[in-house]
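Okay, structure first, notes after.
Residue numbers (this note's numbering): 157 to 330.
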């Protein structure tokens, strides 16, 4: 997996992610490219609740986030999408060839943010040591890669079942 990232003083942007998956049992390699560009303001704590992400056009797999938090050390604003008080799931259809900009709460965060909660620094990841962008990449792409692997394994299992049915015809009754 490779992504382009840019870490400025006030925000982080991630774009052009290419994911290649190869199975050890076969020589097949699957390549996926995400054209989306994600921007996160370093002065904002992000909370995402109840999202269902579907890959289109064939809905090969889906990703569900019940709660995803992205914290930046010293953030003074908070962005929650959607409002955690609602029980609705937000469905997002991901177009692999899209180059849309995704900037949760916008660059100002003036309308969508509230004062941050007070939280203990011991509970936060030391973002200075690890790097801001690596946290975002790891969380987002780990979920996508896991689901890609599961999807490929599921397809192989179905292909083997079909091959066995084609080879032996129907079930033999004893």
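Cβ coordinates follow ideal geometry from the N, Cα and C atoms, glycine included.
Cutting at 6 Å between CB atoms, please list the residues of its own chain near residue i, excluding the five before and the five after it.
i           : result
residue 188 : 175
Does DSSP put residue i in a helix, a strand or coil?
i           : result
residue 314 : helix
residue 321 : helix
residue 164 : coil
residue 174 : strand
residue 227 : coil
residue 198 : coil
residue 220 : strand
residue 232 : coil
Would you tell me roughly how many angstroms separate the C-alpha atoms of residue i and residue j, rounded to the nearest one?
i           : j           : result
residue 192 : residue 323 : 43 Å
residue 254 : residue 314 : 30 Å
residue 318 : residue 220 : 29 Å
By DSSP's criteria, residue i is part of a beta bridge. Which residues make up the other side?
i           : result
residue 246 : 207
residue 257 : 193
Give me, in chain order, the residues of the same chain whose beta-carbon lies closer than 8 Å to that of residue i; leave out the 5 immediate sequence neighbours on both sides.
i           : result
residue 231 : 198, 199, 200, 201 and 272
residue 184 : 178
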